[in-house]
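Everything in the sequence shown is counted per this note's numbering, starting at 8 for the first residue and increasing by one. Presented below is the structure to which this report refers.
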Amino acid sequence: MNWYYGAMLIVANWKAYVETREEAKKLFALAKRLVVAVRRVKIVLAPSAAHLGLLAPGNRSKVMFASQDMSDTTVSAATGEVTGGTLHNLGVDYVILGHSERRARGESDALIAEKVRRALVNGLTPILCVGERARDEDAQYLILLKQQITSVFSVLAPKERLEVVVAYEPVWAIGKHAGDAPSPQDIGEMVLYIRKVLSEFLPGKSAAKATVLYGGSVEAGNIRAIAGGSGVDGFLVGHASADASQFTALVKALI
Ligand code: 13P
Numbered sequence: 008m009n010w011y012y013g014a015m016l017i018v019a020n021w022k023a024y025v026e027t028r029e030e031a032k033k034l035f036a037l038a039k040r041l042v043v044a045v046r047r048v049k050i051v052l053a054p055s056a057a058h059l060g061l062l063a064p065g066n067r068s069k070v071m072f073a074s075q076d077m078s079d080t081t082v083s084a085a086t087g088e089v090t091g092g093t094l095h096n097l098g099v100d101y102v103i104l105g106h107s108e109r110r111a112r113g114e115s116d117a118l119i120a121e122k123v124r125r126a127l128v129n130g131l132t133p134i135l136c137v138g139e140r141a142r143d144e145d146a147q148y149l150i151l152l153k154q155q156i157t158s159v160f161s162v163l164a165p166k167e168r169l170e171v172v173v174a175y176e177p178v179w180a181i182g183k184h185a186g187d188a189p190s191p192q193d194i195g196e197m198v199l200y201i202r203k204v205l206s207e208f209l210p211g212k213s214a215a216k217a218t219v220l221y222g223g224s225v226e227a228g229n230i231r232a233i234a235g236g237s238g239v240d241g242f243l244v245g246h247a248s249a250d251a252s253q254f255t256a257l258v259k260a261l262i
């Protein structure tokens, strides 16, 4: 197995798993300990918007924060929306956009592209989620993936494109267990394909250097093999990031 170079970025997407302030604080304290104990990992926590307001302000630790979503609006009469400026002012660094669980609620490629643009305007690093619902024999899923990337990158200025993190999350592999995730080799092929699509938008060798994450049933049992055998720069972790013992085992598996 090849081993990886540089630091692995671990984005902990708590989704709607954490409902109490106590649990949120406990998981934050754990992340602070892990990021110091385990060299070569960067940890970004993505709590609910409400818990971001609790945890992110005044954060001086090495742990960073992401929002699970963001509005495409700016300061306006827009009830219920959380703007990029609001997140930036809380001390949030990243924002997950185009997650399949948001696309399933009707988000279009055009809306996601606008959110990515607004994130960049507000100094947030967008984590653009792409991924197919199923694999088909005609490889239409590769065309879908290309469309998800192209619809965003084509509306960005050349400099903005360099800031976007891409997360490959095959929908069929989300919310299961390590054995259900694609193999490191399969993920490696998808990462290469994503970099090839990105090379149409990024100059020179930038596509090879772009940050590409994998998400979908990442657990302690498969993270090390994927880190070493697929060319990913990190992970977008769901259920295993919202459970203290599973998250500890998962991060420590990278030692
Ligand atoms: P699971 O790790 O629960 O499969 O979720 C992956 C995901 O959707 C992260 O954004």
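By construction, the Cβ of each residue, glycine as well, lies at the ideal position given by its N, Cα and C atoms. Model, not experiment: these values are computed from the prediction.
Is any non-hydrogen atom of the ligand 13P found closer than 8 Å to the C-beta of residue i, if you look at the structure I gave you?
i, result
"Gly65", "no"
"Lys183", "yes"
"Lys22", "yes"
"Ile103", "yes"
"Ser248", "yes"
"Ala180", "yes"
"Leu152", "no"
"Ala251", "no"
Please report the distance separating the alpha-carbon of residue i from that of residue j.
i, j, result
"Leu205", "Ala84", "36 Å"
"Ile194", "Asp145", "19 Å"
"Ile201", "Cys136", "12 Å"
"Asn9", "Leu261", "With a pLDDT of only 47 at Asn9, under 50, the local geometry of the prediction cannot be trusted, and the value read off the model is given with reservation. When rounded, the distance between both Cα atoms is 13 Å."
"Glu26", "Arg109", "19 Å"
"Gln253", "Glu226", "7 Å"
"Glu196", "Ser237", "8 Å"
"Ile17", "Val82", "31 Å"
"Val128", "Pro191", "35 Å"
"Ile119", "Gly105", "6 Å"
Report the option in the options whose CA atom is closest to the CA atom of residue i.
i, options, result
"Val159", "Val173, Gln147, Glu30 and Leu149", "Val173"
"Ser115", "Leu151, Glu88, Pro189 and Pro210", "Leu151"
"Thr255", "Tyr24, Ala23 and Ile50", "Ile50"
"Arg140", "Leu34, Phe208, Ala111 and Ser161", "Ala111"
Inter-stretch contact (C-beta, 8 Å, three-pair minimum) for the stretch 70-78 and the stretch 86-104: The stretch 70-78, when compared against the stretch 86-104, does touch it at the 8 Å Cβ threshold.
Those runs of the alpha helix (DSSP H) which lie wholly inside the stretch 65-99 and span at least 4 residues: Segments of the alpha helix (DSSP H) lying fully in the stretch 65-99: 91-97.
Runs of beta strand (DSSP E) wholly within the stretch 135-195 (minimum 3 residues, chain order): If we require 3 residues or more, the beta strand (DSSP E) runs fully inside the stretch 135-195 come out as 172-175.
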